[in-house]
Amino acid sequence: MSLARKAVLTVSSNPVVTKLVSKYGMRLGASRFVAGESMDDTLQTVKSLNADNLAVTLDLLGESVRTRDEALAATAATIESFETIRREGVNSNISVKLTQLGLTIDPDFCLANMDRIAAKAKETGNFVRIDMEDSSRVDATIDIFTTLLEKYSKNHIGLVIQSYLYRSEEDVEQMGKLGANLRIVKGAYKEPKEVAYPDKQDVDKAYMNLVEKHLKNSCYTAIATHDVAIINWTKQFVKENHIPSNRFEFQMLYGICGTLQRELAQDGYKVRIYTPYGKYWYPYFTRRIAERPANALFVLRSFFRK
Ligand code: FDA
1 MSLARKAVLT VSSNPVVTKL VSKYGMRLGA SRFVAGESMD DTLQTVKSLN
51 ADNLAVTLDL LGESVRTRDE ALAATAATIE SFETIRREGV NSNISVKLTQ
101 LGLTIDPDFC LANMDRIAAK AKETGNFVRI DMEDSSRVDA TIDIFTTLLE
151 KYSKNHIGLV IQSYLYRSEE DVEQMGKLGA NLRIVKGAYK EPKEVAYPDK
201 QDVDKAYMNL VEKHLKNSCY TAIATHDVAI INWTKQFVKE NHIPSNRFEF
251 QMLYGICGTL QRELAQDGYK VRIYTPYGKY WYPYFTRRIA ERPANALFVL
301 RSFFRK
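Mapping the sequence shown onto the UniProt record's numbering, position 29 (from 1) lands on 29, and the numbers just tick up by one.
See the structure below:
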């Protein structure tokens, strides 16, 4: 992890910074990465992405909740979102974080919440993907996912694997045996070198290795990155290995590399945009700044423009 990235993630956890940015954040530019605070605003964004042939995965922002009531509210809101997607006829599935659904309170309680969400995904003919959080949550997240995969099948539930973790090669191997639908990402959290590759080159190499492994295992793979070199490598790999277009998709984050998103869709690739919404955008926002410290300049500029 670069020094700049580490510094942003450290400073952003400072309580004074948290308070200030949470107060002025939308004005500070969080709206570049967050579709809206309400579902109504967000739906307009989803429709305009769909109009450009971009599928969506909606993410109700929130993580590390401390009370059962908060976790139950997030569960209910996610279930409601599946209804909204069906009613509005938009092309979107849903991504969730288990710490928003009570993982840190009680894993069994979280499993029960996630079970209700997966049941709703199935009932509405839709799909829910479990995001991956920091390395201390990986075992519990995989446990909950594999339990629910047996019940709901890969058509309704999927998982995320991070290429910066040393363990991920084995995890992808295991997921391949289960036929799981995976999103491969590089990883966005501050991790020690004991568990994650510190150098970008190693993370990138591991990324391509995981994508190759999962595609060769005949499993559905979401290649979630804005890295043009990896995207071009993927295009070449699927062509040479005759991987059909219904076995993979590209995914990117709302507000990042919009031109590239549209170009890929115009070239006939399936592209899905991870579209976060809701009031609890602060941790998500700081991870986006940390990935590209130049974004901090963008943030400052938008502050002075208004
Ligand atoms: P990399 O960081 O090498 O960036 C490649 C290029 O992309 C940069 O040169 C720049 O042009 C552009 N770019 C990247 N980030 C940018 C930013 N913030 N602002 C502007 N430009 C930027 N992580 C995780 O730990 N758990 C998860 O569940 C998910 N889920 C997820 C879903 C989807 C759809 C995506 C795209 C990403 C995630 N991530 C994630 C985040 C992921 O781990 C990673 O931090 C980011 O995608 C940035 O890494 P890249 O792969 O884009 O490569």
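By construction, the Cβ of each residue, glycine as well, lies at the ideal position given by its N, Cα and C atoms.
Over the uninterrupted alpha helix (DSSP H) stretch that includes residue i, give me the two end residues.
i    : result
R287 : 282-291
P107 : 107-123
N209 : 200-216
I79  : 68-88
Determine the burial state of residue i: buried for a count of at least 16 other Cβ atoms within 10 Å of its Cβ, exposed for fewer.
i    : result
A51  : exposed
S92  : buried
P244 : exposed
K120 : buried
H242 : exposed
E170 : exposed
T259 : exposed
K216 : exposed
K306 : Summary for K306: the model assigns pLDDT 44, below 50, so the residue's position carries little reliability; its value from the coordinates is reported in the next sentence. So K306 ends up on the exposed side.
P198 : exposed
D69  : exposed
D267 : exposed
Pick from the options: whose alpha carbon is nearest that of residue i?
i    : options                : result
Y166 : F127, V96, K213, S135  : S135
Y269 : G278, E123, V238, P276 : V238
W281 : K6, T45, S2, D59       : D59
A206 : V172, P192, N53, G179  : V172
H214 : I256, L264, L159, D199 : L159
T225 : G187, F145, V65        : G187
G89  : A71, V128, Q44         : Q44
V228 : C257, L253, K6         : C257
L103 : K279, K193, K122, T67  : T67
K190 : I230, D106, E291       : E291
D131 : G278, K279, T99        : T99
N53  : R247, R137, I273       : I273
P283 : L49, D40, K6, E63      : E63
For residue i, does the three-state DSSP call read helix, strand or coil?
i    : result
F145 : helix
F127 : coil
S2   : coil
M252 : strand
V46  : helix
A229 : helix
R183 : strand
D171 : helix
D59  : strand
L165 : strand
A196 : strand
S31  : helix
A294 : helix
T259 : helix
Y274 : strand
K151 : helix
L101 : coil
D41  : helix
In terms of residues, what are the limits of the beta strand (DSSP E) holding residue i?
i    : result
G158 : 157-162
T221 : 221-224
N93  : 92-96
Should residue i be flagged as near chain D, meaning a C-beta pair shorter than 8 angstroms?
i    : result
G176 : Any reference to chain D falls outside this structure, which holds one protein chain only.
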